[in-house]
Amino acid sequence: MTVLRRLIICTILMISSLPQTLSATERLEVMVRSTILNIRESRSTHSPVVGVLSEGDRLTVTTTDMRDWIRLDDGRGFISIHYVRVLSRTPVLLAPPEERSAQSLAPSAEPLRTAFTSSPETAAVDSLDHSQPEDELIAPTTGATAQESPIQASPGDSTAHNLKVDTANQLLKASVTVESVSKTCRKNLHTSGYEFCQLLFKLKLSAEQNSAQQIKITCAAEALASNDQNNQILYELTNTRSVSSSLSNTSIIVDWSPANEQSAIRHVALKEGVCTATATSD
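Next comes the structure, spelled out in structure tokens:
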């Protein structure tokens, strides 16, 4: 009996030490709670460190099939979930029926108003929210829900090429291809209005190998919002970040939020947008 008991205990310990899988993929809003948190290239403490986060940094991540590791949505790598505080969880679901395409929205009797929003350029090793004001962060909201849905990328607009001459008078070529676009929106349960949406562009990069070369990526999209009075506002959204030419895959997030709207936003239609890449020697 003693031998059998020991075998059972050993089996339980072995099972508990194995990586645990998650039942469903979730988008998390997290805050770093350790002084310094390493970003790893893969899901292992032996993996190379590709970046560093600081205490208080807030960002969005996605769960993986290993419970201990979460993937940064900006494509930089993986971090341990044990050193962050989870602010909110969003199951990866299809958007509600009212999330219609921009083309299907009925024209308004009033002319469209246009609002411009743009995120400042963010370095590849910075947190998503470092250069954004506090009220634009993805902070948890009481009584809020969020949904995500895939958006079909437009093949005709998916690739852009740019050329620039470097100091040696050699042409540097860079291109970016949009592999997929996903949409996440936050809806307030008290007002039933949309408070926040974001487009996550997953990109494939191609550039001449040059250790000193950076690629500046700009993604742009349009959002058409309708309020309680059926007034429509067209938002032009952009975000720019720089990455190393050695990367083959990355991602960029474009955010939307209502601009001084007194009435609740009932519908938000986001077009898939387009991304461009410019090779620089900076």
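The sequence shown begins at 1 in the UniProt record's numbering and counts up by one. Note that CB positions come from ideal geometry on N, CA and C, so glycine has one too. Computed from a predicted structure; not experimentally measured.
Give a yes or no on whether the C-beta atoms belonging to R76 and G51 are separated by under 8 Å. yes
Would the region 222-238 and the region 175-184 be scored as touching if the rule is three or more Cβ pairs under 8 Å? By the criterion of at least three beta-carbon pairs nearer than 8 Å, the region 222-238 is not in contact with the region 175-184.
Would you mind sorting E55 into buried or exposed? The rule is 16 or more other CB atoms within 10 Å of its CB. exposed
Got a sec? Which residues, its chain only, sit under 7 Å from S192 by beta carbon, not counting five neighbours each side? Setting aside the 5 residues that flank it on each side, S192 is surrounded in the same chain by A264, each with a C-beta closer than 7 Å to its C-beta; the list follows chain order.
By DSSP, does H267 sit in helix, in strand, or in coil? strand
Do the CB positions of I39 and I81 come within less than 8 Å of each other? no
Starting from Y194, trace the beta strand (DSSP E) in both directions and tell me its first and last residue. 194-207
For residue 283, report the span of its beta strand (DSSP E) as first-last. Given a span of 1 to 282 for the chain in the structure shown, any question on residue 283 remains unanswerable.
Go to A221, then tell me how far its beta strand (DSSP E) extends in each direction, as first and last residue. 214-227
What are the boundary residues of the beta strand (DSSP E) that Q232 is part of? 232-244
Of the residues M66, V274, S248, which one's Cα is nearest the Cα of T240? V274
In this structure, does DSSP put R58 in helix, strand or coil? strand
In three-state terms, what does DSSP make of R89? strand
Kindly give me the distance between the Cβ atoms of D73 and S251, rounded to whole angstroms, as I take these residues to be in contact under 8 Å. 6 Å
Ranges of the beta strand (DSSP E) found wholly within the UniProt domain "SH3b" (37-84), counting only runs of at least 3: 49-54, 58-63, 69-72, 78-80
So, at 8 Å on beta carbons, what are the nonlocal neighbours of Y83 in its own chain, with the 5 sequence-adjacent residues on each side left out? V32, R33, S34, L37
To the nearest whole angstrom, what separates the beta carbons of A207 and A269, a pair I think is in contact under 8 Å? Incorrect: roughly 33 Å between the Cβ atoms, too far for contact.
Among E29, R186, A221, whose alpha-carbon lies nearest the alpha-carbon of R85? Looking from the CA of R85, the closest CA among E29, R186, A221 belongs to E29.
Close-in-space but distant-in-sequence residues of the same chain around P48 (CB under 6 Å, 5 per side omitted): E41
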